[in-house]
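Engineer:
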Amino acid sequence: MAVMTNARSPRRPRITRSAVATSAALSVLALGACGTDDNGGGGAGDGDGTLAVTASFYPMAFLAERVGGDHVDVTTLTSPGVDPHDLELSPRQVGALGESDAILYIAGLQPAVDDAIEQSGVEHVAEVMSFVSTTPETEDGADQGDEDHADEDDHGHGDDDHGHDHGGEDHAEDDHGHDHGGEDHAEDDHGHDHADEDDHGHGDEDHDHGDDDHGHDGHHHDHDHGDGDPHLWLDPLTFAVAADGVADTLAEADPDNAEDYRKNAADLADELRVLDEEFEEGLANRETDTIITTHAAFGYLAERYGLREEAIAGLDPESEPSGARMRELHDVAERDEVSTVFFEVLASDAMAATLAEDLGLETDVLDPVEGITDASRGDDYFAVMRANLEALQKALRTDA
244 MAVMTNARSP
254 RRPRITRSAV
264 ATSAALSVLA
274 LGACGTDDNG
284 GGGAGDGDGT
294 LAVTASFYPM
304 AFLAERVGGD
314 HVDVTTLTSP
324 GVDPHDLELS
334 PRQVGALGES
344 DAILYIAGLQ
354 PAVDDAIEQS
364 GVEHVAEVMS
374 FVSTTPETED
384 GADQGDEDHA
394 DEDDHGHGDD
404 DHGHDHGGED
414 HAEDDHGHDH
424 GGEDHAEDDH
434 GHDHADEDDH
444 GHGDEDHDHG
454 DDDHGHDGHH
464 HDHDHGDGDP
474 HLWLDPLTFA
484 VAADGVADTL
494 AEADPDNAED
504 YRKNAADLAD
514 ELRVLDEEFE
524 EGLANRETDT
534 IITTHAAFGY
544 LAERYGLREE
554 AIAGLDPESE
564 PSGARMRELH
574 DVAERDEVST
584 VFFEVLASDA
594 MAATLAEDLG
604 LETDVLDPVE
614 GITDASRGDD
624 YFAVMRANLE
634 ALQKALRTDA
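The number in the numbering used here is simply the position in the sequence shown, starting from 1, with 243 added.
1) Can you tell me the Cα-Cα spacing of V375 and A508, whole angstroms?
2) Taking only the alpha-carbon atoms, compute the straight-line gap between E613 and A485 and give it to the nearest angstrom.
3) Say whether the stretch 527-537 touches the stretch 586-600, bearing in mind that this needs 3 or more beta-carbon pairs closer than 8 Å, one atom from each stretch.
4) Could you say which of F482, D610, S363 and E495 lies nearest to L511 if we only look at CA atoms?
5) Which residues in the same chain have their Cβ closer than 8 Å to the Cβ of T606, if we skip the five residues on either side of it in sequence?
6) Candidates K637, E523 and V365: which alpha carbon is nearest A496's?
7) Applying the 10 Å Cβ sphere with the 16-neighbour rule, what's the burial state of A494?
8) Residue range of the beta strand (DSSP E) that R505 falls in?
9) Measure the Cβ-Cβ separation of V317 and V296 and say whether it is below 8 Å.
10) Return the CA-CA distance between S562 and G542, expressed in angstroms with no decimal places.
11) With DSSP run on the structure shown, which of helix, strand or coil describes E552?
12) Do you know offhand how far R640's Cα is from N528's?
13) Bridge partners for V604 per DSSP, in chain order?
14) Report back the beta-carbon spacing between V489 and A369 to the nearest angstrom; my notes put them in contact at under 8 Å.
15) Leaving out five residues before and five after L558 in sequence, what residues of the same chain have Cβ atoms less than 6 Å from its Cβ?
16) Can you tell me whether T616 is buried or exposed, with buried defined as 16 or more other CB within 10 angstroms of its CB?
17) Measuring alpha carbon to alpha carbon, tell me which of S333, Y301, P473 and D478 ends up nearest E520.
18) If you follow the alpha helix (DSSP H) that T481 is in, where does it begin and where does it stop?
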């Protein structure tokens, strides 16, 4: 079994707007309808020459459908409404997986899928996390860390004044205007060395938190894949890079249609670049950077747009926060003037509701887009992400 991977770098991938725009400059083809068989096994295509692709859960199915276009028949292992973290496969699904022409998944997110793939013998397997190299790192809740985003990424945070003033944070050359209350960002030891890799325009931003060791679960921005954040699709530009990797996998499985797959990936990258610009502009002028979420699913989104995620639980949505963590969140909410505690469609809102009631805050949905259900605020990735943007704008009190 050949698993499509790219060599990992200790740095965050250099995923810039200009890079995505270059990819999107390829001529694109109109995408036709693509059949999706939810909750099935693998299985061959429908006999008309389509490629049988099995996706572990919704974001992977979305990539397969958009990149594969008319040439693929996609099966999704995770049914709508099922938390992908809790997936158990039926014997039929495990047996049928071996009939797939290609498989898309994220290692470590769904152990049952990992085990079934090992047994499947399928040749073309895309471990999608590998296409984007490293993840945002965490130390069970480390801060967003030492981000040296130098010159490449057109994140607009270099000379861009977001107008946030939260206290006394010194961002060196970064004119973010975020001040998190006395945080000195001189020599951040959290391990984010983005040097010339990711040009967020944060200059020599350095998060030295002094006496605050952030050793609590859920205080988040820093993930290391393995124990890390798999939610790469919540950063549109990172998702675009993943689409390129998926195109390569499908092209290897179906060389006759390789050009179509790569053009479809470029088309998708162009749409994702537009979405990124909407987030960048929509969150530019906000009164706070801090979001409180049910579990630590939003590290990619937070890192891309300069937010600070404080999660009630860690990466496991079923984990229970400690009493110390809940007390800390009270302090965070008051210090950063948080207005909203976010919960998710596929997970219980009990912890979010309890915290919000204690603090007199609102609750709202911030969807990690792990699956689409009737309760979702949209019928596909783009619609739900735009609903997320609206929720963030309200919670962060932007002027958009």
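Cβ atoms here follow ideal geometry from the backbone N, Cα and C, with glycine treated the same way.
Structural biologist: Result, derived from the coordinates:
1) 15 Å
2) 16 Å
3) yes
4) F482
5) T583, V584, F585, F586, D592, A595, A596 and A599
6) V365
7) buried
8) Where R505 is concerned, there is no enclosing beta strand (DSSP E), although the alpha helix (DSSP H) it sits in stretches over A501 to G525.
9) yes
10) 17 Å
11) strand
12) 8 Å
13) The displayed chain sequence assigns Leu, not Val, to residue 604. DSSP lists no partner for L604.
14) 6 Å
15) A539
16) exposed
17) D478
18) P479 to A496
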